[in-house]
Every structure is written in C-alpha cells, then in structure tokens.
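See the structure below:
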C-alpha cells in the first residue's frame, strides 16, 4: 500500500492530481486544507485572520500526523506544509512525496481568478502576485527539493505518476 504526499506551490495542481491518483490507485484521496477547515470549522482565510499563521501551521502539523495511522492514501498538502514543524522529513519517512513543480507564469494564471479564497495572496495585484510566488518558491525550494520525486513543467501527465507508482509495486 502506498502513501502519497503531493507537495508544491499553491496553484500547482495538487488537488487535481490528487483526484486523478485516487482513481488510479483506488484509494482514499484527501486535501489537507479541507481537513483543517472541517476541524477548525473556519475557512483557511478566517484561521489566518483570527488566529494567525503560527496557529494554522501548528494545527496543520497535528492533522498531517493523523495520516501516520492510515495504510494508503493520496494527500494534497498545502503549499507551505513541508516548510514547518519538520513536516517534510515526517512525510518522507511515512511514504512517498511528489513535488509538482509548475512554472511561475502558470501558477499566476491559475491563481488570479481565485485570489479571494487564498489569504496569502488576496490583496496582491498581478505583478505583486508574480513576485510573491517567486519569493515563496525561493524560500520553499530547499524543502520541496527533499521530495522523493520531482515532476516539472506545465506538461505533467498521468503517465509520469504511473511510472512513480509502478516503481513501488
């Protein structure tokens, strides 16, 4: 049984690929941000606004550890998940991590229509969004690069994931 953690920047397609891999692997698929929202009974934006990022990251780490009890799953993590509370190391010990690495231009075009749902970028204009993502990626790259697998480019296809999954069969 395979435990798959999808990591990468917001807008990289983690939630989309979680759905595709859930079908492929015939296992449960989860989105860590949705689990946090259900547990806290607040949106991510409300948690950030009312409790702050440190509180959010602590809750995120606690709920991530819940997956240590599960046998097989595909989990779409938040963009910052690998960067706090030794989460990246923990995920690598628990299963396989896949970094979905999309170009900045692709991230910007995907995120512009949904900025209001993302507390870290809701207030940014187009150019500010590009620079914000560029800076965040620079901060996070050291964590993301610890992933078991790295899929790069805006032409990522299901066959790349199949190859990874088959290597564990």
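Residue numbers (the working numbering): 102 to 270.
From the three backbone atoms N, C-alpha and C, an ideal C-beta is built for every residue, glycine too.
*asked:* Helix, strand or coil, according to DSSP, for residue 104 in the structure here?
replied: Note: residue 104 maps to strand in three-state DSSP.
*asked:* In whole angstroms, give me the CA-to-CA distance for residue 198 and residue 270.
replied: Spanning the two alpha carbons is a distance of roughly 16 Å.
_Residues in the same chain with beta-carbon distance under 8 Å from residue 184, minus the five sequence neighbours each way, listed in chain order, please._
Excluding sequence neighbours, residue 184 sits near 240, 241, 244.
*Candidates 221, 167, 228, 122, of which the one nearest residue 147 by Cα*: Ranked by how close their Cα comes to the Cα of residue 147, the residues 221, 167, 228, 122 have 221 in first place.
_Selection from 112, 107, 251 that minimises the alpha carbon distance to residue 121_ = Checking every option, the nearest Cα to that of residue 121 belongs to 107.
*Residues bridged to residue 177 (per DSSP)*: DSSP lists 107, 132 as partners of residue 177.
*asked:* As an exercise, report each continuous alpha helix (DSSP H) stretch of at least 4 residues that is fully enclosed by the stretch 112-162, in chain order.
replied: Whole alpha helix (DSSP H) segments, 4+ residues: 115-126, 133-141, 145-152.
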